[in-house]
Every structure is written in C-alpha cells, then in structure tokens.
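For the numbering used here, add 99 to where a residue sits in the first sequence, where the first one is 1. Reviewing the structure listed below.
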Amino acid sequence: MNMRINNEDIVRLFNEMAAMLEIKGDSAFKIRAYQRAASTIEQLSWSLAAAAAAGDDLRKIPGVGKAISEKVQEYVSTGRVAAYERLAEELPPNVLSLLEVPGMGPKTVKAATAELGITSVAELEQAALDGRLAQLPRMGKRSAENILRHIRAQRMRSDRTPLGIATETCDAVTAALFEACANLVSITPAGSLRRWEETIGDLDLIAVSERPEETGPALAALPSVREVLVAGDAKTSVVVDPGIQIDLRIGEPDAMGAMLQYFTGSQQHNIRLRDYANRRGLSLNEYGITAVDGGATERFANEEMFYARLGLPWIAPELRRGAEELDAARNGTLPELLVESDLRGDLHLHSDWSDGKFPLEEMVEAVAALGYEYMAITDHSQGLGVANGLTPERLERQVGILKSLQERYGMTILCGSEVDIRADGAMDFPDDVLAMLDWVIASVHNAMGQERGVMTARIARAMENPYVTAIGHASARLLGRRDPVDFDIEALLQQARDTGTAMEINAAPERLDLKDTHAARARELGIPLVINTDSHHVDGLANRRFGVAVARRAWCGPQHVLNAYPRAEFLAWLRTPKPERTARFAAMAGGPTAGF
DNA sequence: GCCGTTTTCGGCCCGACTGTTTTCAGTCG
100 MNMRINNEDI VRLFNEMAAM LEIKGDSAFK IRAYQRAAST IEQLSWSLAA AAAAGDDLRK
160 IPGVGKAISE KVQEYVSTGR VAAYERLAEE LPPNVLSLLE VPGMGPKTVK AATAELGITS
220 VAELEQAALD GRLAQLPRMG KRSAENILRH IRAQRMRSDR TPLGIATETC DAVTAALFEA
280 CANLVSITPA GSLRRWEETI GDLDLIAVSE RPEETGPALA ALPSVREVLV AGDAKTSVVV
340 DPGIQIDLRI GEPDAMGAML QYFTGSQQHN IRLRDYANRR GLSLNEYGIT AVDGGATERF
400 ANEEMFYARL GLPWIAPELR RGAEELDAAR NGTLPELLVE SDLRGDLHLH SDWSDGKFPL
460 EEMVEAVAAL GYEYMAITDH SQGLGVANGL TPERLERQVG ILKSLQERYG MTILCGSEVD
520 IRADGAMDFP DDVLAMLDWV IASVHNAMGQ ERGVMTARIA RAMENPYVTA IGHASARLLG
580 RRDPVDFDIE ALLQQARDTG TAMEINAAPE RLDLKDTHAA RARELGIPLV INTDSHHVDG
640 LANRRFGVAV ARRAWCGPQH VLNAYPRAEF LAWLRTPKPE RTARFAAMAG GPTAGF
C-alpha cells in the first residue's frame, strides 16, 4: 500500500485521464464524470489513499462509482493505473502540453498530432510559423496566428495568480474603469476571486452601466491593457499588465441575481445546480430562470431571490464548490459562517523590534482602532538573524514596555514571540525564557527541505513544548513562490489535538496557511483555529479578510476560531493547563451551556 | 462513468465569441 499518494496526485490522474479521453473523442459524459470526481476529491479534508488502504468504501464520495473507486484502489496498492497507461500509450507523447495552449482544444490537438506529427509546444510553434497549422481543417491564417500569439504569451506568464495580487489588480482595474466611464454604476467581482480561491485563473467582473455599450470598449482602452482577446456585445476579455486575464460581462440591475450566480461558479457548482433545476422542470442561464416547457424568463435582482426560486437558501460563494454544499442547502444544514466582525483579537504581530516596520505603540494603536479586545506582539526569536530576532535580554525589555503600555489600553496586550522551531524540533528559546511569555507561536523558517518524516517529527516535537500555544503558518508555503514543506498533516493535527496546541490560519495573502482543506480537518478534529494577520505593517491588519475567507471555505463558524471568543473565554482557555485545552475548547464550542 | 421521491437504463448545463464557413464547429468558462 502506498499511502504517500496524496489527493493532489489522484486529482491530477483523473484530470489527465479526462483530457486524454477528450482528445480521443470519447463520450463527453464520461469525461465530465472524471472531472467531477477530480473536483470532489480535491476538496476532501482527509487522505483518500489512507481511506482506500483502510478498506473504506470510496463510493460514498459523490461522483465516485465502481470504476473510479477501483482505479483509486489500484493506484494506491500498485502505484499505477492500467487504464491511464493504456490511454497514454494510445496517444502521441506530450499531447497534454499541447492542450494547455489556449485556443488548442481536443479536436485541434488531435488533428495537429495525427496529420502534422506534432509532439511538443515547440513543434506546434514551428508549424504555426511555417503555415502548416493553418492547413488543418477548420483552421486558417487567423487561427494559426492566435495560437502562435498564445504560445508566446503563455511563456511570459505563470498560469494562476495568487489571491492577493489578483485582489490588487481587481481594485486597480475597477478604479480605472470608474475613472474612464462616467456612466458606470457598479463593478462586481465574480468567479474564483469572489469564491476566495487561493489562486485565480481569470478575473471575472460584472459591470452595470447606464451606457452598457461603452463599458467593454472602455476596458479595452485602459492603459494597463496589454492585449484584447475578445470584444463582443456581451463580453470583453483583455490581458492587463501583470499578465492577468480579465473577463468583463455586462449585467442589468434587475437581472443581477442570475448573472452573478452564473459567473461566480464554480463550474461544478453550476453543473449540479442546473441539474437540480432541470429535475424540477426549470432551466438556468445567466439571464434568469425559464420553465423547460416554455414561457418567459424570470429575472432576479439578487442571488437570494434566485436561489429562493429554486427552493434553496442563499449559498455563500466560498462554499460553491459543487460538492457537499447543495445537499446541505437542501437539508437546511448550511453552516453559520465566520464573518470579519466576529474577530476579537490578532495574535501574530511584528514590530520594528524585529522585522516589522512600525514601533510597538503604533502597532498597538492600530489594533486598538479595530475595536479588538486582545492582541499579542510576537516578534521573531533570536535564531532568525535576518529578521533581527530578539535575544532573551531584548525580549525581557520588550515585555516590560508592553506591560507599561497595557495600562493605557482597555485591550489586553499579550507578551508573545514567534519562536523558531529549530531543525531538530527544539525551540529557539529555552523554557525559562518562554515561561515569561503569555503567548508563543512556533514556526518553521529554515531547513524547509527536510524529508517528510523528519519534518513531521520536528513540528510534533514543538507541539509538546508546554509553552507553545500555537503553530504558525504550518506549511511555510509562499503562493507561487515556495512550495509547502512536506509533512503528514493528519499526524500533525492529531498531535495538535493530543497536546492542546492551536493551529494558525495565517491571513497574509501570500501564505493562506493552513489552507482550506487542512483547516477543515482541524475543525473536524476539534482543534482551535486562530486567524492571524502576521502583520509587519499597520496596513497588514486588513488582511484578516483573507484569513476569514480560508475559515469560511473550511465551513468554520465563530465557535471554531479561538480569537472569535470574548476576552474572558479566550483568556480562560489560555490559563487552562495545555493538556486540558482540547477538552476546554470542546466545552467552549459546545454551545450556550459552556459558560463561566 | 455516474446516478435515481421520474429512472438499475437512459438520461447527463448552458451560452458567447471567433473564424471558418456559407450554416456552424470548436473553444472557453
């Protein structure tokens, strides 16, 4: 049994099988079945390989039936899947890389490989240049030129954009459009940005304007636009400067419900929702809802009305992933999700004593301005020399200053530290130094290439330290820049529960760490989550919205998040001896009976 | 390949845009 196969491997397997079946020209429904299974598996909070190894029935997963479950079993027990290998053998090498070129769909890839013998993107580029590509059926000079352009554009940009950068681009484009269009009423982001996915493919915007015909051309004319891909009446697509594609749709105020719903997706959510509607004799599109047997299209001003027409409560965009959320909506079991205003503290903050940009007082002042009840200053420990980490002597002085500041604020100011977890799992401060602190975050900042077992044992050891309150940004990933460290997340979360250690959701948009599926698993295990901004600057405090989004995507409500509790309850948890904190948290999260 | 308060067989989401056609196939989301 190979339990080291993770869900991502299985997702990739089925997505590649779907792509290969497309090129073969197999049934569109079979292809969709593989895609749906991949999408559902991607969202699981638990390891499919481990469940398969344990003999669980995988067919309980929606979209997974006999054939797919057998392929997972085969993959986990042998490390290979015969059906996948057969497909790969039937097709020319590298066909999947050809499919990734925009404009190259399954039909064109098939023709290019079969008739021109193309086996790589470089050969495709050559064929586009020398005119052979244009000779293919239903191709022509323009199509070949577009393919060539896409190959060159693709080389210049990475495939997906981290959420933080996409948000900045969205804000900039929106402001520029308002500047350029006097008649613009609103711009609403949809798509993966509205669902707060950690990375964004394209930016989907919906515009409402008094002069809708002017909006698309105005977008195409913005100075930051590098290229115009599509310019139609209903839709304009451009690429703007950081290399992000923007799809702009024109909406009408009295029909925004369907428009927003349609373009928020996800694709799997929409497929399932339309299937659900079809069974009730209704057909959905971006303009409204129509009875299958004819009649006028009903229009809806907002999404609440749109979902209500289907007999469903509104479903938060973060949950629209095409898996459990539709059943929950039908059964009335959608969760009450965390909102930004539920947060009552921030417990991971840096000042200019280490690598922050602002003095202690200014950080405290900025946090107090949010109306928080508590906070912790957590500058780096001594080992992180590049970040001007504090020696025990400096830390002791800082503690003294924070205690004097405390007298000026109604807010509780905890003395903390973000302490390095050394390569062997030892803490970067001795216990007698940690003992003077109220709040200790333990984080990995170096030796990130450690083998899985070593890294897991390293973090697990840190959790055993009686002074370590929480693990910070556990995977240490930087979206688009640094891969997560390799660890056994299930083992670590079990250890967190056993030791009474909280797990951070680091809200810095380049981190989002824990990620959504891991946070969901922590919630299931009853581990307290803490949403921190890890701010090095007063402006960083606004990043809490990204952390809240991760928690929402993990189906978390305020009861699952430590820093959403009132000060008295939070401090009572903190005063509880560490081994008893898991039980303490369970009592807090248990409901109104858990008082003081 | 999956699925069922219509179904264990016969269904399976929907539309915009482009470029190639001379009415629509292919691609995309």
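Even glycine gets a Cβ: it sits at the ideal position worked out from N, Cα and C.
How is residue i classed by DSSP in three states: helix, strand or coil?
{"i": "Asn377", "result": "helix"}
{"i": "Arg103", "result": "coil"}
{"i": "Asn384", "result": "strand"}
{"i": "Asp638", "result": "helix"}
{"i": "Glu506", "result": "coil"}
{"i": "Val324", "result": "strand"}
{"i": "Ile520", "result": "strand"}
{"i": "Ile140", "result": "helix"}
{"i": "Ser176", "result": "helix"}
{"i": "Gly421", "result": "coil"}
{"i": "Val696", "result": "Residue 696 cannot be examined here, being either before or after the span of the chain that is shown, 100 to 695."}
{"i": "Val498", "result": "helix"}
{"i": "Ser291", "result": "helix"}
{"i": "Gly694", "result": "Unreliable placement is indicated for Gly694, whose pLDDT of 34 sits below 50; the coordinate value is still reported in the next sentence. Coil at Gly694, not helix or strand."}
Name the two residues that bound the continuous beta strand (DSSP E) containing residue i.
{"i": "Arg348", "result": "343–349"}
{"i": "Met602", "result": "601–605"}
{"i": "Leu446", "result": "444–448"}
{"i": "Met474", "result": "473–479"}
Let me know if residue i comes out buried or exposed under the rule of 16 or more other beta-carbons within 10 Å of its beta-carbon.
{"i": "Arg237", "result": "exposed"}
{"i": "Leu228", "result": "exposed"}
{"i": "Gly470", "result": "exposed"}
{"i": "Thr490", "result": "exposed"}
{"i": "Asp530", "result": "exposed"}
{"i": "Pro627", "result": "buried"}
{"i": "Met128", "result": "Contrary to the premise, residue 128 reads as Phe rather than Met in this sequence. Burial call: exposed."}
{"i": "Ser308", "result": "buried"}
{"i": "Gly548", "result": "exposed"}
{"i": "Pro352", "result": "exposed"}
{"i": "Asp537", "result": "buried"}
{"i": "Ala556", "result": "buried"}
{"i": "Glu403", "result": "exposed"}
{"i": "Ser146", "result": "buried"}
{"i": "Lys170", "result": "buried"}
{"i": "Lys614", "result": "buried"}
{"i": "Met255", "result": "exposed"}
{"i": "Pro678", "result": "exposed"}
State yes or no: is the C-beta of residue i within less than 7 Å of the C-beta of residue j?
{"i": "Asn106", "j": "Leu143", "result": "yes"}
{"i": "Thr218", "j": "Pro201", "result": "no"}
{"i": "Gly599", "j": "Thr681", "result": "yes"}
{"i": "Gly455", "j": "His447", "result": "no"}
{"i": "Arg420", "j": "Ser382", "result": "no"}
{"i": "Ala595", "j": "Asp633", "result": "no"}
{"i": "Gly350", "j": "Ile305", "result": "yes"}
{"i": "Gly571", "j": "Glu603", "result": "yes"}
{"i": "Ala319", "j": "Val337", "result": "yes"}
{"i": "Val180", "j": "Ala148", "result": "no"}
{"i": "Tyr473", "j": "Gly444", "result": "yes"}
{"i": "His479", "j": "Ala486", "result": "yes"}
{"i": "Ala210", "j": "Leu247", "result": "no"}
{"i": "Glu121", "j": "Pro205", "result": "yes"}
{"i": "Val208", "j": "Leu215", "result": "no"}
{"i": "Val539", "j": "Tyr566", "result": "yes"}
{"i": "Phe362", "j": "Asp441", "result": "no"}
{"i": "Leu670", "j": "Ala601", "result": "no"}
{"i": "Thr396", "j": "Gly387", "result": "yes"}
{"i": "Lys334", "j": "Arg325", "result": "no"}
{"i": "Arg651", "j": "Asp612", "result": "no"}
What first and last residue would you give for the alpha helix (DSSP H) that runs through residue i?
{"i": "Ala650", "result": "643–652"}
{"i": "Thr266", "result": "262–279"}
{"i": "Pro316", "result": "311–319"}
{"i": "Asn631", "result": "Looking at the DSSP string, Asn631 is not in any alpha helix (DSSP H); the run it does join, the beta strand (DSSP E), is 628–631."}
{"i": "Met358", "result": "355–363"}
{"i": "Pro205", "result": "205–215"}
{"i": "Leu673", "result": "666–674"}
{"i": "Leu304", "result": "Careful: Leu304 lies outside any alpha helix (DSSP H), inside the beta strand (DSSP E) at 302–308."}
Compute the beta-carbon to beta-carbon distance between residue i and residue j, rounded to the nearest angstrom, for a pair I have assumed lies under 8 Å.
{"i": "Gly509", "j": "Ala475", "result": "With a Cβ gap of about 16 Å, Gly509 and Ala475 do not count as contacting."}
{"i": "Ala618", "j": "Ala653", "result": "4 Å"}
{"i": "Leu321", "j": "Glu297", "result": "Actually they are not in contact, since the Cβ atoms of Leu321 and Glu297 sit about 27 Å apart, beyond 8 Å."}
{"i": "Ala427", "j": "Leu436", "result": "With 8 Å as the limit, Ala427 and Leu436 do not qualify as a contact, their Cβ atoms being about 12 Å apart."}
{"i": "Arg643", "j": "Asp587", "result": "Their Cβ separation, rounded to whole angstroms, is 29 Å, which puts Arg643 and Asp587 out of contact at 8 Å."}
Does the Cβ of residue i lie closer than 6 Å to at least one heavy atom of the ligand ZN?
{"i": "Phe128", "result": "Absent from the structure shown: the ligand ZN. Ligands present: none."}
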